[in-house]
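Asks:
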Amino acid sequence: SLLNFNCTFTCVFLMLFLQNKAFKCWSEYTFFALSVSGLQTSQDARFYASSARFESFSNEGKPLVIQFTVKHEQKIDCGGGYVKVFPADLDQAEMHGDSSYYIMFGPDICGYSTKKVHVIFNYKGKNHLIKKEIKCKDDELTHLYTLILNPDQTYIVKIDNEKVESGSLEDDWDFLPPKKIKDPEAKKPEDWDDHAKIDDTDDTKPEDWDKPENIPDPDAKKPDDWDEDMDGEWEPPMIPNPEYKGEWKPKQIDNPNYKGAWVHPEIDNPEYSPDSNIYKFDNIGVLGLDLWQVKSGTIFDNFLITDDLKEAEDIGNETWGVTKEPERKMKQEQDDIKRKEDEEKNKEQEMEADEDEDTDDDEEGDEDLDEEDETKEDKKDAFSEIEKDEL
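Numbered according to mature numbering (1 follows the signal peptide of the UniProt record, and there is no 0), the sequence shown spans residues -22 to -1, 1 to 369.
Rendered as structure tokens:
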């Protein structure tokens, strides 16, 4: 094993990361805790840059496995969840977004358009992004991310101990110029016929084909009030001709001289030179978190760098594998509780709204009764006045 920082690591390793106070040592997850710890981003809308140094090594002739867990329990909308592997000569105190690194690996989320796993390798001073699109997890649960880099120049990306992508370094990154290029001297022969179909020379246009596109409306009549002296000569409006067939074109037949699509011949690229050491990094010595988050709360844990594929899988099963199901169940329970609380709250609001409506109706009824009483009193007063006048 080259290096192993799994979930049993103490806060000694965490404190190496915690040089940046925006991180905090987190021992209780929001909806699951079972003797777990982690490193959590704690401030919104900021950059994070923190790292841990270890004894440097080379992965020459060996597999290199980078593995860790990420938990976006804050319902992340935009932010990175990846790690970077740096050369040992990194000045950790001056580490920033432009610091040269060997490997960048892990999830990155921003809105609906970006939900991918970065796999970036530095080759001869230039960072190369994978040409394939690898979708990351975007829920609130903990997920295990694993990158395997093999000496035979192949790679595997796993999420939750399941392979999601694999292939060849040379095929899936543009590290090297292409092996073949189009022959700059080659040109399509002038007599090369690449038309699959041609006009039938024996086909002739029917005599009755040509019809005008529009014709006068035969049902139109000159208005009775049409004054030719004032309005000019009356002409019926034009309408589409139902017999119009459009432009005549001869039917198409197979071209007897068709040679197929011309393919530009290729030659060996003189600038291509194979490199069997693309996978190799000679001075690996720092593991870091260098990322931006709009909404903080991401928890990193179970960091592992090893050359043992079986060990990586076993540790993944012993850490993330042990907690995934209890975490999922507890998350489901909390979601159910939240759903029930929301339902109860909605019911209470509906009942309050109904009560308010009944109160308004009662008040309107009282006002009507008051108006009736006032009307009766007015009538009594009027009758009293009439009686007085009669007396």
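Beta carbons are placed, not taken as given, at the ideal position from N, Cα and C, and that holds for glycine.
Is S13 helix, strand or coil when you go by DSSP?
Replies: Because the pLDDT at S13 is just 44, under 50, the model does not fix this residue reliably, and the point stays unresolved.
Asks: Between E244 and L154, what straight-line distance do the alpha-carbon atoms span, to the nearest angstrom?
Replies: C-alpha separation (whole angstroms): 17 Å.
Asks: Using the Cβ count rule (16 or more neighbours within 10 Å means buried), how would you classify M82?
Replies: Buried, by the Cβ-count rule.
Asks: Let me check one thing: in DSSP terms, what residues is V272 bridge-paired to?
Replies: Note: V272 sits in no beta bridge, so no partner.
Asks: Can you tell me whether DSSP reads N295 as helix, strand or coil?
Replies: In the structure shown, N295 sits in a helix (DSSP, three-state: H, G or I).
Asks: Closer than 6 Å by C-beta to E249: which residues in its own chain qualify, once you throw out the five before and the five after it? Chain order, please.
Replies: Only P155 meet the Cβ criterion.
Asks: Does DSSP classify V300 as helix, strand or coil?
Replies: Looking at V300 - three-state DSSP - the assignment turns out to be helix.
Asks: Check whether the region 75 to 89 touches the region 308 to 315, taking contact to mean three or more Cβ pairs, one atom from each stretch, closer than 8 Å.
Replies: As far as the Cβ criterion goes, the region 75 to 89 does not touch the region 308 to 315, which means the pair count is below three.
Asks: Hey, how far is the Cα of D55 from the Cα of D292?
Replies: Whole-angstrom Cα-Cα distance: 32 Å.
Asks: Mind checking V41: buried by the 16 CB within 10 Å criterion, or exposed?
Replies: The displayed chain sequence assigns Pro, not Val, to residue 41. Counting Cβ neighbours within 10 Å, P41 comes out buried, since at least 16 surround it.
Asks: Start and end of the alpha helix (DSSP H) containing L147?
Replies: Looking at the DSSP string, the run of the alpha helix (DSSP H) that includes L147 is L147 to D150.
Asks: Which value, in whole angstroms, describes the spacing of the CA atoms of G210 and D203?
Replies: Answer to the nearest angstrom: the Cα atoms are 12 Å apart.
Asks: Taking C-alpha atoms, which residue in G75, K53 and G57 lies nearest to V63?
Replies: Nearest of G75, K53 and G57 to V63, Cα basis: G75.
Asks: Look at the alpha carbon of Y222 and the alpha carbon of D186, and state the distance between them as a whole number of angstroms.
Replies: So the two alpha carbons sit approximately 10 Å from each other.
Asks: Can you list, in chain order, the residues of its chain whose CB lies under 6 Å from that of G57, leaving out five sequence neighbours each side?
Replies: Same-chain partners within the cutoff: Q271 and V272.
Asks: Contact check, T276 vs Q52 under 8 Å by CB: the rounded distance?
Replies: Yes, they are in contact, since the Cβ atoms of T276 and Q52 sit about 7 Å apart, within 8 Å.
Asks: Locate the beta strand (DSSP E) running through E244, then write down its first and last residues.
Replies: Per DSSP, E244 belongs to the beta strand (DSSP E) from E244 to D246.
Asks: Decide yes or no for the touch test of the region 104 to 123 against the region 132 to 140: beta carbon pairs closer than 8 Å, at least 3 of them.
Replies: With the cut-off at 8 Å, the region 104 to 123 and the region 132 to 140 touch.
Asks: Could you name the residues of the same chain whose beta carbon sits closer than 8 Å to that of P162, not counting the 5 residues immediately before and after it, in chain order?
Replies: Once the five neighbours on either side are set aside, P162 has no close Cβ partner at all.
Asks: Using the Cα positions of I256 and D314, report the straight-line distance between them to the nearest angstrom.
Replies: Distance between the alpha carbons of I256 and D314: 50 Å.
Asks: Output the distance between the C-alpha atoms of S254 and H242, rounded to the nearest integer angstrom.
Replies: Answer to the nearest angstrom: the Cα atoms are 30 Å apart.
Asks: With L269 and I126 assumed to form a contact (beta carbons below 8 Å), what rounded beta-carbon distance in angstroms separates them?
Replies: At roughly 22 Å, the Cβ-Cβ gap does not stay under 8 Å, so L269 and I126 are not in contact.
Asks: Buried or exposed: where does residue 402 fall if 16 or more other Cβ atoms within 10 Å of its Cβ makes it buried?
Replies: No answer is possible for residue 402: it lies beyond the span of the chain, which begins at -22 and ends at 369.
Asks: Residue range of the beta strand (DSSP E) that D232 falls in?
Replies: Taken as a continuous stretch (DSSP letters only), the beta strand (DSSP E) holding D232 covers Q230 to D232.
Asks: With the cut-off set at 9 Å, would you say S274 and S29 are in Cβ contact?
Replies: For S274 and S29, no; Cβs fall outside 9 Å.
Asks: Indicate whether F278 and F46 have their beta-carbon atoms separated by less than 9 Å.
Replies: Result yes, Cβ atoms of F278 and F46 sit closer than 9 Å.
Asks: Report all residues from its chain with a CB closer than 8 Å to the CB of D152; omit the five preceding and five following residues, and keep chain order.
Replies: Excluding sequence neighbours, D152 sits near H106 and K109.
Asks: Taking the continuous beta strand (DSSP E) assigned at D279, which residues delimit it?
Replies: Note, D279: beta strand (DSSP E), I277 to T284.
Asks: Going by the CB atoms, is the gap between N235 and I193 shorter than 9 Å?
Replies: Their beta carbons are not under 9 Å apart, which means I193 does not touch N235 by this criterion.
Asks: Would you kindly work out how many angstroms separate the C-alpha atoms of I176 and K229, rounded to a whole number?
Replies: Computed Cα separation, rounded: 8 Å.
Asks: Whole beta strand (DSSP E) runs in the region 159 to 247 with 3 or more residues, listed along the chain?
Replies: Runs found: 175 to 177, 192 to 194, 216 to 218, 230 to 232 and 244 to 246.
Asks: For A66, does the three-state DSSP call read helix, strand or coil?
Replies: Reduced to three states, the DSSP call for A66 is coil.
Asks: Once you ignore the five residues that flank D171 on each side, which residues in its own chain have a CB closer than 7 Å to its CB?
Replies: For D171, where only same-chain residues beyond five positions count, the Cβ hits under 7 Å are N233, N235, Y236 and K237.
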